[in-house]
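K.L.:
Below is the structure I would like to discuss, written out as structure tokens.
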Amino acid sequence: MNETELIEAAKAGDRNALGRLIKQYEQTVYNFAFKICRDREKAENTMQETFLSMVKSLHQFDGNSKLSTWLYRIVSNHCLMQARYSNKYQFVDVETEDSLFDDRYLSDSSKIPWKEFENNELRAILDKAISKLAPDYRVVFLLRDVEQLSTEETAEATNLSVAAVKSRLHRARAFLRNELEKEMSK
Amino acid sequence: MDVTVTCKDVMSHICDSLGEELQSPKCIAIRSHMDSCDCCKNYFDSVEKTIGFYRDYKIVMPEEAHDRLMKYLDMCDCDPVGQE
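Structural data, given as structure tokens:
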């Protein structure tokens, strides 16, 4: 069965088809949730909540968007709800961060020692950088740049306008790039 | 139409529309600026590399997490492989 047939079968009550859809997307949903939550236990809880929502509301899925986009919307909402619920950290306010495009970042670009970092070291740097970014911005950056959804699909998954997606993406990219540069140049 | 752009314009534009082949006079001016400005070219590369690192950063779900998920959904009786 292809995905459309699996969705129709699952809607009609075929639990094996539903199980197959879950199996198909569980790694994607887990990986995405981890990248937002930065915690394995929270990522697994979010994945469970996401698929519970999917099971409950699959009958409302109209097929006008891809199933993956629909799932990204659900997992993004769960991640953001969880982040707001347990928000004990102060994130960098990139909205009012005027220095994101400071000239010094231009002259420093060629000095970043990209090749000197081991995988584990690099992961720690990436973790540190993205954890400073507010979850609202992380979601947009991850959907658009990492999961490679289109700007329109990202807007649909986040309930934002295309202009708002572009604005958040623009700032998230600059912020993360500058954070990596700062950490790698230490 | 001639459009003059500064390095700051280019930085902002790179983060705005990375990799999109836009044809507006400003986009064309920016591409032309990048061809002759090493600083901006390096900046573009660094933004692309940053995104590439995050794209390659994958976390593998533990095997038991699938079983826990199916139990949570009360779907342990399902046979997803049977639908292949």
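So the sequences go chain by chain: V and R. Residues 1 to 186 in my numbering are what the first sequence lists, from first letter to last. Residues 1001 to 1084 in my numbering are what the second sequence lists, from first letter to last. Where is the CB? At the ideal position from N, CA and C, for every residue including glycine.
Looking only at C-alpha atoms, which of V/79, V/140, V/3 sits nearest to residue 162 of chain V?
P.N.:
Nearest of V/79, V/140, V/3 to residue 162 of chain V, Cα basis: V/140.
K.L.:
Which term fits residue 72 of chain V, buried or exposed, when burial requires 16 or more other beta carbons within 10 angstroms of its beta carbon?
P.N.:
Residue 72 of chain V should be labelled buried.
K.L.:
So the alpha helix (DSSP H) residue 1027 of chain R belongs to, where does it begin and stop?
P.N.:
From DSSP, the alpha helix (DSSP H) with residue 1027 of chain R extends over 1025-1036.
K.L.:
Can you confirm whether residue 1083 of chain R, when its beta carbon is compared against all beta carbons of chain V, has any partner nearer than 8 Å?
P.N.:
The pLDDT assigned to residue 1083 of chain R is 49, lower than 50, so where the model puts this residue is not dependable, and the model offers no usable value.
K.L.:
Does the segment 37-49 of chain V come close enough to the segment 1062-1076 of chain R to have 3 or more Cβ pairs within less than 8 Å?
P.N.:
Touching, per the Cβ criterion.
K.L.:
Helix or strand or just coil, what does DSSP make of residue 1083 of chain R?
P.N.:
Interpretation of residue 1083 of chain R is limited by its pLDDT of 49, a score under 50 that renders its predicted location unreliable; the figure taken from the coordinates is listed afterwards. Three-state result, residue 1083 of chain R: helix.
K.L.:
Tell me, please, whether the CB atom of residue 1047 of chain R is closer than 8 Å to any CB atom in chain V?
P.N.:
Chain V contact via Cβ: present.
K.L.:
Roughly how many angstroms separate the alpha carbons of residue 164 of chain V and residue 1024 of chain R, rounded to a whole number?
P.N.:
Cα to Cα, the separation comes out at about 21 Å.
K.L.:
Quick check on residue 19 of chain V: does DSSP put it in helix, strand or coil?
P.N.:
Looking at residue 19 of chain V - three-state DSSP - the assignment turns out to be helix.
K.L.:
Using the beta-carbon of each residue, which ones in chain V are nearer than 8 Å to residue 1066 of chain R?
P.N.:
Residues of chain V passing the Cβ test: 23, 26.
K.L.:
Taking residue 148 of chain V as the reference, give the member of V/159, V/68, V/11, V/63 with the closest Cα.
P.N.:
For residue 148 of chain V, the nearest C-alpha among the options comes from V/68.
K.L.:
Roughly how many angstroms lie between the CA atoms of residue 63 of chain V and residue 79 of chain V, to the nearest whole one?
P.N.:
Distance between the alpha carbons of residue 63 of chain V and residue 79 of chain V: 24 Å.
K.L.:
Should residue 31 of chain V be labelled buried (16 or more other beta-carbon atoms within 10 Å of its own) or exposed?
P.N.:
The residue is buried, with at least 16 neighbouring Cβ atoms inside 10 Å.
K.L.:
Return the first residue and the last residue of the alpha helix (DSSP H) that residue 72 of chain V is part of.
P.N.:
Its alpha helix (DSSP H) spans residues 67-85.
K.L.:
So, do the segment 130-138 of chain V and the segment 54-61 of chain V have three or more beta carbon pairs nearer to each other than 8 Å?
P.N.:
Contact between the segment 130-138 of chain V and the segment 54-61 of chain V is absent, because fewer than three Cβ pairs lie under 8 Å.
K.L.:
Please compile the residues from chain R whose C-beta is within a distance smaller than 9 Å of the C-beta of residue 34 of chain V.
P.N.:
Residues of chain R passing the Cβ test: 1059, 1061.
K.L.:
Would you mind working out which of V/17, V/157, V/184 sits nearest residue 143 of chain V, comparing C-alpha positions?
P.N.:
Answer by Cα proximity: V/157.
K.L.:
For a contact meaning CB atoms closer than 9 Å, what does residue 47 of chain V contact in chain R?
P.N.:
By Cβ distance, chain R contributes 1061, 1065, 1069.
K.L.:
Between residue 1078 of chain R and chain V, is the shortest Cβ-Cβ distance under 8 Å, so that the two count as touching?
P.N.:
Closer than 8 Å: yes.
K.L.:
Quick check on DSSP: helix, strand or coil for residue 1006 of chain R?
P.N.:
Three-state result, residue 1006 of chain R: coil.
K.L.:
Output, in sequence order along the chain, the residues in the segment 46-66 of chain V whose CB is closer than 8 Å to any CB in chain R.
P.N.:
Flagged, chain order: 47, 48, 51, 52, 55.
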